[in-house]
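J.: First, the structure itself, so that you have it in front of you.
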Amino acid sequence: MKKRLDWVDAAKGIGILLVVMAHVPIPDSLKQFIYSFHMPLFFLLSGMMFRSSSSPALSFIQKKAKSLLLPYLYFSIITYVFWFSVTRFFAFKGQTDIDPFVPFTGIFISNADEARLTHNPAIWFLTTLFLVEILFFFMHRLSKGKPAAVILLTVLCGGAGYASTLLLDQSLPWNANVALTAVVFYSIGFLAKQWFVELKTDPTLLLCTGLLVLTAYMQSFNSRIDMRVNDYGDLFIFYTCALLGSAAVIYLSFKLKTSPILTYLGRNSIVILVLQFAGIDIMKAFVFYGLGINIADTAQLSWTLFYTIGTLLLMVPCISFLSKYPVLLGKPANAAQRYEQKTSAG
Numbered sequence: 001m002k003k004r005l006d007w008v009d010a011a012k013g014i015g016i017l018l019v020v021m022a023h024v025p026i027p028d029s030l031k032q033f034i035y036s037f038h039m040p041l042f043f044l045l046s047g048m049m050f051r052s053s054s055s056p057a058l059s060f061i062q063k064k065a066k067s068l069l070l071p072y073l074y075f076s077i078i079t080y081v082f083w084f085s086v087t088r089f090f091a092f093k094g095q096t097d098i099d100p101f102v103p104f105t106g107i108f109i110s111n112a113d114e115a116r117l118t119h120n121p122a123i124w125f126l127t128t129l130f131l132v133e134i135l136f137f138f139m140h141r142l143s144k145g146k147p148a149a150v151i152l153l154t155v156l157c158g159g160a161g162y163a164s165t166l167l168l169d170q171s172l173p174w175n176a177n178v179a180l181t182a183v184v185f186y187s188i189g190f191l192a193k194q195w196f197v198e199l200k201t202d203p204t205l206l207l208c209t210g211l212l213v214l215t216a217y218m219q220s221f222n223s224r225i226d227m228r229v230n231d232y233g234d235l236f237i238f239y240t241c242a243l244l245g246s247a248a249v250i251y252l253s254f255k256l257k258t259s260p261i262l263t264y265l266g267r268n269s270i271v272i273l274v275l276q277f278a279g280i281d282i283m284k285a286f287v288f289y290g291l292g293i294n295i296a297d298t299a300q301l302s303w304t305l306f307y308t309i310g311t312l313l314l315m316v317p318c319i320s321f322l323s324k325y326p327v328l329l330g331k332p333a334n335a336a337q338r339y340e341q342k343t344s345a346g
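For the sequence shown, UniProt numbering assigns the number 1 to the initial residue and increments by one for each residue that follows.
What follows is the structure, encoded as structure tokens:
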């Protein structure tokens with residue numbers, strides 16, 4: 001796994017595309033379908049990238065803090081300032097009555113309770129992933145990497161995560177309760193990565209389609225799940241749909257791994273994740289103020305595609321700008337030079 005896998009980038013590209021689609025005006029049935037697996041997919045893909053290390057725990061924690069918590073802090077502040085000074089005044093958002101101090105506290109607490117993440121609803125993923133990475137590091141260290149022991153610890157975490165949905169009325173700081181469920185998918189990704197790497201033939205499009213249809217069918221019997229608030233509905237349906245949908249995307253990524261658009265989106269998924277809501281608000285402002293159309297009337301597939309494409313296009317200059325300042329993304333300073341060399345080589 002030392003070599004970068006194009007299909008992982010493509011899978012992240014598909015995933016972040018679905019994330020943006022789910023956050024713009026969209027038909028409820030399609031939103032429910034996407035929510036059934038899009039965040040489990042990212043935790044699963046993150047687990048595939050885990051590498052065992054003999055380094056001290058403190059070194060691992062510091063490394064993950066730099067790559068996840070620093071971008072979280074930087075972009076929490078940036079998007080809070082943008083929300084405070086610009087987007088909260090948009091009439092279609094109806095957020096002028098929100099006390100600005102509440103989302104300010106959300107920068108540090110990082111959960112969605114009491115509108116704390118109003119300024120950037122998607123950024124919770126970074127702090128939760130940080131906790132998941134640390135939790136799995138100790139799980140892997142305790143189990144010595146033995147699959148049976150990893151599975152046992154994963155089941156225990158999943159059970160604790162389910163218990164938290166019954167016992168807790170509010171989210172813990174940094175969504176620590178959500179991390180107990182998210183680490184299940186991270187563990188599955190870690191355990192399954194070699195199987196995916198060693199696949200001799202790409203799955204057929206018919207299989208990918210069948211998995212997606214089955215995911216949509218099963219999710220129709222469940223309420224809309226939302227990992228951000230630790231809401232999963234029927235637990236069996238949740239896990240089944242999450243795994244079926246994730247497998248479909250991964251299998252599909254084998255077919256689309258040469259797509260320059262998807263791999264570009266995947267490699268820059270963190271930028272899109274943290275800035276998408278600013279882009280979405282700009283697109284909505286264009287529709288509401290520029291075209292004079294009520295946002296509530298645009299929850300149709302054609303408009304969903306319009307918002308999604310427009311938002312992703314707005315992300316392109318942001319990605320280009322941030323490539324020159326990789327420290328904001330938790331990357332070393334020489335990452336900018338490598339990026340320029342890569343893009344100039346075509």
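Don't be surprised by glycine CBs; every beta carbon is placed ideally from N, CA and C.
Suppose contacts are defined by Cβ-Cβ distances below 8 Å. Is T87 in contact with S110 by that definition?
T.: Here residue 87 is taken as the residue at index 87 of the sequence shown, counted from 1. Here residue 110 is taken as the residue at index 110 of the sequence shown, counted from 1. Against a cut-off of 8 Å, the Cβ pair of S110 and T87 comes out as no contact.
J.: Give the DSSP-derived three-state secondary structure of D231 in the structure shown.
T.: Residue 231 sits at position 231 when you count from the first residue of the sequence shown. Three-state result, D231: strand.
J.: According to the neighbour-count rule (16 or more other Cβ atoms, all chains shown, within 10 Å of its Cβ), is P25 buried or exposed?
T.: On the sequence shown, position 25 is the one that residue 25 refers to. A residue is called buried once 16 or more other Cβ atoms fall within 10 Å of its Cβ, and P25 is buried on that count.
J.: Please report how far the alpha carbon of V155 lies from the alpha carbon of L291, in whole angstroms.
T.: Here residue 155 is taken as the residue at index 155 of the sequence shown, counted from 1. Here residue 291 is taken as the residue at index 291 of the sequence shown, counted from 1. In a straight line, the C-alpha of V155 is about 51 Å away from that of L291.
J.: DSSP on D226, reduced to helix/strand/coil?
T.: Numbered from its first residue, the sequence shown carries residue 226 at position 226. Three-state result, D226: strand.
J.: Pick helix, strand or coil for F50, following the three-state DSSP scheme.
T.: Within the sequence shown, residue 50 is the residue found at index 50, counting from 1. F50 falls in the coil class under three-state DSSP.
J.: Quick check on DSSP: helix, strand or coil for L69?
T.: Residue 69 sits at position 69 when you count from the first residue of the sequence shown. Three-state DSSP puts L69 in a helix.
J.: Enumerate, from N- to C-terminal direction, the unbroken alpha helix (DSSP H) stretches of 4 or more residues contained entirely within the segment 73-152.
T.: 101-109, 124-143
J.: Under 8 Å between the Cβ atoms of A57 and F130?
T.: Position 57 of the sequence shown, counted from the first residue, corresponds to residue 57. Position 130 of the sequence shown, counted from the first residue, corresponds to residue 130. Against a cut-off of 8 Å, the Cβ pair of F130 and A57 comes out as no contact.
J.: Give the secondary structure of A345 by DSSP, where H, G and I count as helix, E and B as strand, and everything else as coil.
T.: Within the sequence shown, numbered from 1, the residue matching residue 345 stands at position 345. The pLDDT assigned to A345 is 42, lower than 50, so where the model puts this residue is not dependable; a value taken from the coordinates is nonetheless given after this. The three-state reading of DSSP puts A345 in coil, since its state is none of H, G, I, E or B.
J.: Output needed for P173: all residues of its chain with C-beta closer than 6 Å, excluding positions within five of it in sequence on either side, in chain order.
T.: Here residue 173 is taken as the residue at index 173 of the sequence shown, counted from 1. Closer than 6 Å at the Cβ level, and outside the excluded window around P173, lie I109.
J.: Measuring CA to CA, which of A22, H38, M39 is closest to K31?
T.: Taking the sequence shown and counting its residues from 1, one reaches residue 31 at position 31. Here the closest residue by C-alpha is A22.
J.: Quick one: Cα of L312 to Cα of M283, how far?
T.: Within the sequence shown, numbered from 1, the residue matching residue 312 stands at position 312. Within the sequence shown, numbered from 1, the residue matching residue 283 stands at position 283. Roughly 10 Å separates the two Cα atoms.
J.: Please state if the CB of M48 and the CB of D185 are separated by a distance shorter than 8 Å.
T.: Taking the sequence shown and counting its residues from 1, the one referred to as residue 185 is at position 185. Taking the sequence shown and counting its residues from 1, the one referred to as residue 48 is at position 48. Going by the sequence as given, residue 185 is Phe instead of Asp. Contact: no.
J.: Check each candidate in S187, F33, I280, K331 and name the one with the smallest Cα separation from F90.
T.: As a working mapping, residue 90 is identified with position 90 in the sequence shown. The candidate whose alpha carbon is nearest that of F90 is I280.
J.: Return yes when the Cβ of L214 is within less than 8 Å of the Cβ of A247, no when it is not.
T.: Within the sequence shown, numbered from 1, the residue matching residue 247 stands at position 247. Within the sequence shown, numbered from 1, the residue matching residue 214 stands at position 214. No, Cβ-Cβ distance for A247 and L214 is not below 8 Å.
J.: If you reduce the DSSP assignment to three classes, tell me which class M1 lands in.
T.: Position 1 of the sequence shown, counting from 1, holds the residue named residue 1. Low confidence applies here, because M1 scores a pLDDT of 39, under 50, leaving its location unreliable and the question unanswered by this model.
J.: Leaving out five residues before and five after D9 in sequence, what residues of the same chain have Cβ atoms less than 6 Å from its Cβ?
T.: Taking the first residue of the sequence shown as position 1, residue 9 is located at position 9. For D9, where only same-chain residues beyond five positions count, the Cβ hits under 6 Å are T263, G266, R267.
J.: Look at the alpha carbon of F104 and the alpha carbon of Y80, and state the distance between them as a whole number of angstroms.
T.: Along the sequence shown, one-based indexing puts residue 104 at 104. Along the sequence shown, one-based indexing puts residue 80 at 80. Each residue's alpha carbon lies about 7 Å from the other.
J.: Under the assumption that N177 contacts S164 (Cβ atoms under 8 Å), give the Cβ distance between them as a whole number of angstroms.
T.: Numbered from its first residue, the sequence shown carries residue 177 at position 177. Numbered from its first residue, the sequence shown carries residue 164 at position 164. Yes, N177 and S164 are in contact; Cβ-Cβ is about 4 Å, under 8 Å.
J.: Quick check on this structure: which residue in N222, L17, H119 has the alpha carbon closest to the alpha carbon of G233?
T.: Working through the sequence shown from its first residue, we reach residue 233 at position 233. Answer by Cα proximity: N222.
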